[in-house]
Structures are given as C-alpha cells and as structure tokens.
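Novice: These protein sequence lines map, in sequence, to chains A and B. All residue numbers for the first sequence refer to our numbering, where the first residue is 1 and numbers rise by one. All residue numbers for the second sequence refer to our numbering, where the first residue is 1 and numbers rise by one. Below you'll find the structure I mean.
Number of protein chains: 2
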Amino acid sequence: MADIKSQANPLFLTEDEIRQGIELLFYAYRDFTSDPDEILAAYGYGRAHHRVLHFVNRSPGMTVTQLLAILRITKQSLARVLGALIEQGLVRQDRGARDRRQRLLYLTAEGEALERRVSAPQRDRVARAYREAGAEAVAGYRKVLAGLIDERDREGVLKAIERR
Amino acid sequence: MADIKSQANPLFLTEDEIRQGIELLFYAYRDFTSDPDEILAAYGYGRAHHRVLHFVNRSPGMTVTQLLAILRITKQSLARVLGALIEQGLVRQDRGARDRRQRLLYLTAEGEALERRVSAPQRDRVARAYREAGAEAVAGYRKVLAGLIDERDREGVLKAIERR
DNA sequence: ATTTTATGTCAGCCATATTGACTTATTTCC
DNA sequence: GGAAATAAGTCAATATGGCTGACATAAAAT
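Next comes the structure, spelled out in structure tokens:
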C-alpha cells in the first residue's frame with residue numbers, strides 16, 4: 001500500500017530511521033524546554049526550579065525522597081534549588097503525619113501561580129502539537145516515549161503519570 | 001467506540017492529558033540521555049561532547065556556524081568542547097574550498113569509533129521502543145515531536161533530519 | 001537497643017552554559 | 001578598491017546545576 005521505504009518497518013529498522021528518531025527527540029526537547037527557561041530567567045530561577053515546581057504541583061504532598069527519585073539528582077543538588085523555593089515562599093513543607101521524618105512538599109498559592117505562568121507556553125506548545133497531529137498520532141507518541149523509559153521503572157512511572 | 005476518556009481527543013484536550021505528554025517527554029529524555037552520559041564519563045567527556053560527535057558524524061563537513069545553530073549554544077561554550085575533541089584527535093577541521101573562512105568539521109576514524117560506541121545503547125533503546133510500539137505508533141511519535149519543534153525552523157530541521 | 005531511613009548541611013569540585021570585548025581572515029557589497 | 005559584514009577564534013569573568021564525601025539529627029523499624 002504505502003511506500004515501504006517511507007514507513008517505519010518494525011522488522012527492519014534502518015540505522016537512519018533510528019538516527020532520525022534520536023534527532024527528533026533532541027530538537028523537540030530543545031525547543032520544549034526553551035519557553036520555561038526564558039520566563040524563569042526573568043525571575044532568577046532556572047530549569048531545575050521549574051522541574052521542582054512542576055512535580056510538586058503535580059503531586060502535592062510528595063516527599064523529598066520521591067522527588068529525588070524522579071529527578072535523579074543528589075539531595076545536595078536538590079537542596080540548593082528546593083531551599084531557594086522554600087525560602088522565597090513558593091514551596092511549603094509539612095511533617096508527615098504517618099512518618100514524622102518526612103517533609104511533605106506543597107506549592108504555596110504564589111508557587112502555584114508561578115508554576116502556571118511558567119508552564120503555560122509549554123502546555124500550549126504540546127496542546128498545539130497534539131491538535132495538529134491528531135488523536136492517533138498522540139497515542140503513538142505516548143507509546144514510543146513510554147518505551148524509551150528504563151524498563152525497570154517504566155511501570156511505576158506510567159502509573160504515576162496516569163494517576164488521578 | 002473506545003472509551004472517550006482514555007483517548008486523546010484533538011478537540012478537547014484536558015490539562016491532564018497535556019501534563020502527561022509533558023511528563024512522558026521528561027522521563028523519556030532523562031533515560032534516553034543516561035546511556036551515553038555514563039559511557040562518556042569514563043572517557044572524561046560529557047553530554048556536550050556527545051552532541052558534537054553525533055551531529056558532525058551525521059553531517060560531515062558541516063561548518064561551526066551550522067553546529068552552533070543546531071546546538072543553540074554560544075561559540076564560547078562550543079569552543080571548549082570542540083577544542084578538546086580536536087586536540088585529542090576525534091574531530092578534524094578543514095578550510096572550506098568555496099569559503100576559506102569556514103572550518104568544515106569531520107570526525108576522524110577514532111572519532112567515528114567513539115561516536116558509534118557511545119551512541120550504540122541509545123540506538124538500541126530507540127530501536128527496541130520502535131519495534132515494541134509498531135510502525136503506526138512510530139509515525140505518530142514522529143508527527144508529534146515534529147510539531148513540538150519551533151515553527152520558525154521546523155521545516156529546516158525536518159529537511160536536515162530526512163536528508164540522505 | 002541497635003540499625004535503618006528521611007532529611008539536612010558543610011565543603012569543595014566539575015561541566016556546561018552565559019555575557020562582553022576583542023582579533024583575524026575572508027567575503028560581499030557598493 | 002575600500003567599507004562592511006561574516007566566520008571563526010580567544011580571553012576573562014560569572015552563573016547554574018550537577019557531583020562526591022563527610023557528618024548530624026530525628027524518627028521508624030527490627
């Protein structure tokens with residue numbers, strides 16, 4: 001039916017097809033992160049702050065350990081970023097009720113406002129790409145990206161993403 | 001036919017669907033870059049070196065200006081990385097024949113060998129994800145990622161990626 | 001009671017990026 | 001032919017976001 005060469009054939013993947021898939025991911029990620037980066041720079045924050053705002057907003061009450069596992073950075077690295085956000089009243093910490101060692105993380109109203117402002121163009125970008133590509137393409141996008149995640153924690157990540 | 005809620009409906013995108021698309025990209029990119037990072041660390045190189053090796057390998061004879069446009073970094077940032085690769089015999093520079101101001105970039109045999117070694121697990125990861133997702137999903141993946149690229153240079157990027 | 005876990009903190013280091021200023025060689029344009 | 005623009009390189013200073021190692025405290029688990 002379709003031109004064989006132009007189709008991604010699952011039984012015969014050329015090195016070139018793979019390379020294209022790699023480069024597309026590079027370019028998409030490059031531009032996908034550029035919007036928040038620009039906005040945050042004006043506030044004196046960076047990409048690392050955005051990631052914290054995003055995931056705390058997404059899972060209010062998450063622990064520091066959970067956040068570290070998601071970001072895959074050391075607690076010393078997180079400390080500087082998280083400390084700044086707490087100090088400036090964008091993130092709040094509560095002791096865990098069940099486990100009082102834990103510090104549960106929440107965005108303050110101000111933190112939520114900044115998160116929304118910073119992620120707005122990023123959401124718009126994804127929404128536009130989704131609309132233009134169509135529902136079927138979006139399903140494929142999700143399927144392939146999920147397959148790129150390390151297998152050992154793929155299930156957990158997908159569960160976390162889809163939870164609600 | 002299918003459950004409406006589980007489908008990405010192009011006419012009614014919920015904020016949650018968008019957020020999931022954002023997070024999937026974050027996780028996929030995080031793991032996608034982890035393989036080369038680990039290998040390169042053993043050689044005393046970093047992610048920036050890998051990007052140079054990748055794109056010079058992909059487009060032998062490209063100019064410094066072209067590389068800067070792709071990476072979206074300053075020439076001072078590139079200088080350190082590119083300088084190290086040249087110094088250690090992984091990248092070679094030739095004067096442009098048409099424009100002698102240009103320095104055309106090529107990988108040496110050694111550079112090609114390292115590029116292959118470093119990108120191998122990354123290629124394997126993408127190949128596996130492609131095979132498991134199937135041809136239709138791959139087409140969707142490509143469509144959405146292309147839509148995430150800045151519109152002003154989307155056409156140029158796609159042309160560059162698909163050229164061969 | 002001991003060990004493990006969750007979190008925090010100090011200190012030092014490295015990689016990657018930035019801005020700004022300036023140089024050299026070459027091409028392009030008038 | 002001369003001025004302006006372009007391609008590339010370089011020096012200096014700075015910021016950001018990571019890292020390792022060492023150590024401390026509180027609370028939970030064994």
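All residues carry an ideal CB built from backbone N, CA and C; glycine is no exception.
(1) Would a check of beta-carbon distances place ASP31 (chain B) closer than 8 Å to chain A?
(2) Roughly how many angstroms lie between the CA atoms of GLU162 (chain B) and ARG100 (chain A), to the nearest whole one?
(3) Helix, strand or coil for GLN93 (chain B), going by three-state DSSP, please let me know.
(4) Determine, for ALA8 (chain A), whether the minimum Cβ-Cβ distance to residues of chain B falls below 8 Å.
(5) Which chain B residues are close to ILE149 (chain A), counting only those with a beta carbon under 7 Å from its beta carbon?
(6) Roughly how far, in whole angstroms, is the beta-carbon of ALA133 (chain A) from the beta-carbon of VAL144 (chain B), given that I think they are within contact range, below 8 Å?
(7) Work out the CA separation of SER59 (chain B) and PHE12 (chain B) for me, nearest whole Å.
(8) Closer than 8 Å, CB to CB, is ILE39 (chain A) near chain B or not?
(9) In chain A, which residues lie less than 9 Å from VAL52 (chain B) when you measure between Cβ atoms?
(10) Note down, in chain order, each residue of its chain lying with its Cβ closer than 6 Å to the Cβ of VAL126 (chain B), except the 5 sequence neighbours on either side.
(11) Only counting the same chain, and skipping five residues up and downstream in sequence, which positions put a Cβ closer than 8 Å to that of ILE4 (chain A)?
(12) Work out the CA separation of GLU112 (chain A) and LEU104 (chain A) for me, nearest whole Å.
(13) CB-CB under 6 Å to ARG47 (chain A), same chain, minus the five flanking residues each way: which ones, in chain order?
Specialist: The short version:
(1) yes
(2) 55 Å
(3) strand
(4) Model confidence at ALA8 (chain A) stands at a pLDDT of 47, short of 50, so the residue's coordinates are unreliable; what they give is reported in the following sentence. So yes, ALA8 (chain A) belongs to the interface.
(5) TYR27, ALA28 and ASP31
(6) 5 Å
(7) 41 Å
(8) no
(9) Result: empty, since nearest Cβ-Cβ is about 12 Å, beyond 9 Å.
(10) none
(11) Caution is warranted here: a pLDDT of 43 is assigned to ILE4 (chain A), below 50, making its placement in the model unreliable, and the coordinate value is therefore given only provisionally. The answer is none, since no qualifying residue turns up.
(12) 16 Å
(13) ASP37
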